[in-house]
Each structure stands twice: as C-alpha cells, then as structure tokens.
Amino acid sequence: MGQMKKHVQSYQRFQKKKITFDSFGPEVYQKFVKYLSYDIPLLRRNKPTRGLRINTIGKTIKHLKSFLKDRMARKIIPYQDLSFFKYLEEEVDAVYLDWSELSTIYHLDLSKKAYLVKYRDLFVLACLTGFRYGDFTNLQASELRNGLLHVVQEKTAGIVIAPLHEDARKILIDQYHMQIPKVSMVNFNYYVKEVARLAGLIQPVMITHKKGNTIEEETRPKYAWISSHTARRSFCTNEYLAGTPADLIMTISGHKSEKAFRRYIKADQLQKATLIKKLWETRPGL
Numbered sequence: 001m002g003q004m005k006k007h008v009q010s011y012q013r014f015q016k017k018k019i020t021f022d023s024f025g026p027e028v029y030q031k032f033v034k035y036l037s038y039d040i041p042l043l044r045r046n047k048p049t050r051g052l053r054i055n056t057i058g059k060t061i062k063h064l065k066s067f068l069k070d071r072m073a074r075k076i077i078p079y080q081d082l083s084f085f086k087y088l089e090e091e092v093d094a095v096y097l098d099w100s101e102l103s104t105i106y107h108l109d110l111s112k113k114a115y116l117v118k119y120r121d122l123f124v125l126a127c128l129t130g131f132r133y134g135d136f137t138n139l140q141a142s143e144l145r146n147g148l149l150h151v152v153q154e155k156t157a158g159i160v161i162a163p164l165h166e167d168a169r170k171i172l173i174d175q176y177h178m179q180i181p182k183v184s185m186v187n188f189n190y191y192v193k194e195v196a197r198l199a200g201l202i203q204p205v206m207i208t209h210k211k212g213n214t215i216e217e218e219t220r221p222k223y224a225w226i227s228s229h230t231a232r233r234s235f236c237t238n239e240y241l242a243g244t245p246a247d248l249i250m251t252i253s254g255h256k257s258e259k260a261f262r263r264y265i266k267a268d269q270l271q272k273a274t275l276i277k278k279l280w281e282t283r284p285g286l
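Numbering (full-length UniProt numbering), first residue to last: 1 to 286.
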C-alpha cells in the first residue's frame, strides 16, 4: 500500500492538482495507468529512467482498487463501479539455481570472506525450504515439531507444515541451533550476489521485461540476477523437475492454484525442453 500511495502522490505532482479518490473514474484511471507506464520518474540500477514495469503497475492498481473498495465499504467515499480496473500482469522471466549450482554454493570455501557465510547459509536454507524471506529469516525453535516446520506465513497468514531437508537441518539446527542470524533484506540481496559470483555463476543471462508497448532486454551475469526470491523459485523448480507432484510443492510454496504455480516456474516450457533433451540423449552422435 505504501508504494501505491507514493505513486498516486507522484501522479498528483505530475498533474499539478489533487486527485480525490471519489473521482477515480475511467478517465482518471486511464491517465494514471499511462503515467505509470511512461512518465513516472524512477531510478533503476542507480540510473534515472521513466515508466514502471507491467507487474509493478498491476500491483499498484490492485492495491488502489482494494483501498477504494475498503473506503466505499466504510462509506468514506460514495460507491463507484470499479470494473474498469484491470489487473495488469506479464509472465516473469527470472533465473533459478539448479541442484548443481546450489551444491557449489553450499560447499563454497568462504574462509577468506567469513562475513559472507551467514548470507550463503540463509540462501541455501531458503532454497531447501521454499520459504519467503520474511519466513525463513524469522524461524523460531517453537516452530520445529517432530522434524516438521509449522510456519505462519508472513505474507498470507496461512499455516504451512513443511518437512526439513537433511541439509537444511544441518544449517538450521547443527550450525545455528535454531537461532537465525538477523540480516536486512537489502544486505541479503547484495551479499548473495557476491556469494554467487564467487561460486562462478558468471554466465550471461538475458532477461526481458515489458514496459508500455515495448520489450526491454537486459543482459547481466547470472549472479547479478540473484536475490531472496531466487531461492523460492529454485526450490519450486528443482522439486518439480525431480518429480515431486505439483500439489505437494504448492502446500509449501503457498500457491493457490496449479495454473499459477506452473506459470511461476514455467513448467510447460521446462517439461518440453527436458523431454526433448532426454530424447536427444538416446540418439547416437554424428
């Protein structure tokens, strides 16, 4: 909600007039979306640019709609039809770490950079549990019962019961005794990139994003794309490719529908590519 408020305030400065929520009709909505798509100023990688990405606009509109519906329910503003509010969304093109890459990071010698150890350990723990940042960084001893983690998800308030992978147990219990090091998300996202770089994840990876009616392409070393969210995606993708049924993975990941889950990990593309790869492996070489 905080970002939505900032975006509305920015739009008001752009329009040079105050926008009242009870006047948020179709015309104002269209102008607001256009502003978010092409005109809103921001910094990306410390470089000034304009225009938000599709999914960011979608979240802003979703939060604005929820805000307006709440105010109407409380009779703070008069009722208005919000059916013209469209939740914009595009498929996210993002990286994940396969089991080999994760193993390399797990066994990486960090004796000369000891300050990175806790970030590496937390990242691997996240890759093995599938938890969001707010959940794996706040694990409590009371949440571990009979080898299972009973976690109330910070984002959804839903309860997840998840088994503890043996390597996750070594990190969580043997190494940290259920006392997770406290780190900020900013530092976590910064230092896991350094860990991944030291692990040799330097291959160039191109990511595409839609902004307005244009497609933006950006190529960076793989380590530069890695963040806290990479861990959850890696967990889901690796479990799926290992043959774990989607419905079992979803009980941990928190996805509400298999359609959303399959889109999240690009399951159809992965299945087809993996099948072709296996077929090729049965053919003789040239």
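From the three backbone atoms N, C-alpha and C, an ideal C-beta is built for every residue, glycine too. Values in this document were obtained by computation on a predicted structure and should not be read as measured data.
Within the same chain, show all residues whose beta-carbon is closer than 8 Å to that of Tyr240, passing over the 5 residues directly before and after it, in chain order. Taking the first residue of the sequence shown as position 1, residue 240 is located at position 240. Within the same chain, Tyr240 has close Cβ partners Ala246, Ile249, Ile265, Ala267, Leu270.
Delimiting residues of the alpha helix (DSSP H) encompassing Leu43: In the sequence shown, counting from the first residue as 1, residue 43 sits at position 43. Note, Leu43: premise wrong, no alpha helix (DSSP H); beta strand (DSSP E) at 41-44.
In the DSSP assignment, what residue or residues form a beta bridge with Glu218? By one-based count along the sequence shown, residue 218 stands at place 218. According to DSSP, which records beta bridges pairwise, Glu218 is partnered with Ile207.
So, with DSSP's three-state summary, where would you put Ala224? Residue mapping note: residue 224 aligns to position 224 of the sequence shown, counting from 1. Here Ala224 sits in helix by DSSP.
Proximity below 8 Å, CB of Leu88 to CB of Ile54: On the sequence shown, position 88 is the one that residue 88 refers to. On the sequence shown, position 54 is the one that residue 54 refers to. In this structure, Ile54 lies closer than 8 Å to Leu88 by Cβ.
Give the secondary structure of Thr251 by DSSP, where H, G and I count as helix, E and B as strand, and everything else as coil. Here residue 251 refers to the residue found at position 251 of the sequence shown. Helix.
Relative to the C-alpha of Thr137, which candidate in Asn146, Val151, Gly147 has its C-alpha closest? Within the sequence shown, numbered from 1, the residue matching residue 137 stands at position 137. Of the listed residues, the one whose Cα sits closest to Thr137 is Val151.
For Leu16 and Thr49, I'd like the C-alpha separation in whole angstroms. In the sequence shown, counting from the first residue as 1, residue 16 sits at position 16. In the sequence shown, counting from the first residue as 1, residue 49 sits at position 49. The sequence as given places Lys at residue 16; Leu does not occur at that position. Each residue's Cα considered, the two are about 21 Å apart.
Nearest-angstrom Cα separation, counted from Glu258 out to Ala168: As a position in the sequence shown, residue 168 is number 168, starting the count at 1. As a position in the sequence shown, residue 258 is number 258, starting the count at 1. Straight-line Cα distance between these residues: approximately 26 Å.
Pull up the CB-CB distance for Phe21 and Ile77, whole angstroms please, since I reckon it's below 8 Å. Stepping through the sequence shown from its first residue, residue 21 is reached at position 21. Stepping through the sequence shown from its first residue, residue 77 is reached at position 77. With a Cβ gap of about 5 Å, Phe21 and Ile77 count as contacting.
Proximity to Pro181 [Cα-Cα], best of Val117, Lys113, Gln12: As a first step, residue 181 must be located in the sequence shown, where it is residue number 181. Among Val117, Lys113, Gln12, the Cα nearest to that of Pro181 belongs to Val117.
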